[in-house]
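**Q** In full-length UniProt numbering, the protein residues as written are 1 to 227. Even for Gly, the Cβ is constructed at its ideal location relative to N, Cα and C. What you are looking at is a predicted structure, and each value in this text was computed from that prediction instead of being measured.
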Amino acid sequence: MNILIAEDEQDIRDLIELHLIKEGYNVFKAENGLEALDIFKNNPIDLAILDVMMPKLDGFSLLKNIRENSEIPVIFLTARDEDTDKVLGLGLGADDYMTKPFSPLELIARIQAQLRRYYKYSGKKARSTFTLGDLVLDKESCTVYKNDILLDLNAKEYKILELLMENPGRVYTKKQLYELVWQDSYYGDDNTIMVHISHIRDKIEDNQRSPKYLKTIRGIGYKLEKV
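1. Are residue 58 and residue 1 close, meaning C-beta to C-beta below 9 Å?
2. According to the neighbour-count rule (16 or more other Cβ atoms, all chains shown, within 10 Å of its Cβ), is residue 110 buried or exposed?
3. Does the segment 133 to 147 come close enough to the segment 157 to 173 to have 3 or more Cβ pairs within less than 8 Å?
4. Is residue 76 helix, strand or coil by DSSP?
5. Entirely within the UniProt DNA-binding region "OmpR/PhoB-type" (127 to 226) and at least 3 residues each: give me those beta strand (DSSP E) ranges in chain order.
6. Just to confirm before moving on: does the CB-CB distance between residue 171 and residue 108 stay below 9 Å?
7. Rank 181, 182, 16 by C-alpha distance to the C-alpha of residue 101 and give the top, closest one.
8. Return the chain-ordered list of same chain residues with a C-beta closer than 8 Å to the C-beta of residue 203, the five sequence neighbours on each side being excluded.
9. To the nearest angstrom, how far is the alpha carbon of residue 227 from that of residue 211?
10. Using a Cβ-Cβ cutoff of less than 6 Å, which residues in the same chain neighbour residue 175 once the five nearest sequence positions on both sides are dropped?
11. For residue 92, collect the residues of the same chain with a Cβ closer than 8 Å to its Cβ; drop the 5 residues on either side in sequence, then sort them by chain order.
12. In or out: residue 89 buried (at least 16 other Cβ within 10 Å) or exposed?
13. Label residue 36 either buried or exposed according to how many other C-beta atoms from any shown protein chain fall within 10 Å of its C-beta, with 16 as the threshold for buried.
14. Compare the Cα-Cα distances from residue 218 to each of 52, 173, 6, 76 and report the closest residue.
15. Considering only their Cβ atoms, is the gap separating residue 77 from residue 99 smaller than 9 Å?
16. Look at the alpha carbon of residue 56 and the alpha carbon of residue 155, and state the distance between them as a whole number of angstroms.
17. Looking at residue 3: is its Cβ nearer than 9 Å to the Cβ of residue 28?
18. State buried or exposed for residue 79, treating a residue as buried only when at least 16 other CB atoms are found within 10 Å of its CB.
19. Looking at the ligand ZN, does it come within less than 8 Å of residue 91, judged from the CB to the closest heavy atom?
20. Given this structure, state the Cα-to-Cα distance separating residue 53 from residue 74, to the nearest angstrom.
21. Report the start-end ranges of each beta strand (DSSP E) in the segment 7 to 59 that is 3 residues or longer and not cut off at the edges.
22. Which of helix, strand or coil does DSSP assign to residue 85?
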């Protein structure tokens, strides 16, 4: 599921992202309200975590925009703990309200509870299929097709491709890929990552020397190009 974090303090954004990724969520981050609104309009967001005081567009105004088109769960996470702010936020359609400082574990528990409630009572199902150009990934069957032809992927190749397809355009470092896919500490084993990336390119690209999908960002890592 895709979680949007709208928070102008980078340390807090990064802390929340770290805990969400460990729980298997995909994360979109914004440092101001307008950036968050743009992400919301252009991506299938399942839940939003909003600060109240943000540059360009505050959290209350952002929530109003979200509620014009969506009933996804929204959690306010803010340093403002006045009762009037809580009443206003909940009155505008927020589902929960937490004040800083906060416990990341409690936040994760509240996120999980809100998502369970939303999908149970809305009748909606969490997305399990992702499409990118000619590629289609089905999480329920752990399969990937290109032009309706099933690709022969091993478990690690599938997990890498799943991570990248769920977050097109996002760059992952080799360290991030290794720790998320292998679930182990990274000690600079670049060769393992490079071999798997090469095998994936063999299977999804028409021309591995000029890849359309899986791009190398020199000195940083890899991403799947939005096509």
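**A** According to the data block:
1. no
2. buried
3. yes
4. strand
5. 129 to 132, 135 to 138, 143 to 146, 214 to 217, 221 to 224
6. no
7. 16
8. 146, 151, 152, 153, 157
9. 12 Å
10. 186
11. 60, 63, 64, 67
12. buried
13. buried
14. 173
15. yes
16. 43 Å
17. yes
18. exposed
19. Ligands are entirely absent from the displayed structure, and the ligand ZN is therefore not among its contents.
20. 15 Å
21. 26 to 30, 47 to 50
22. helix
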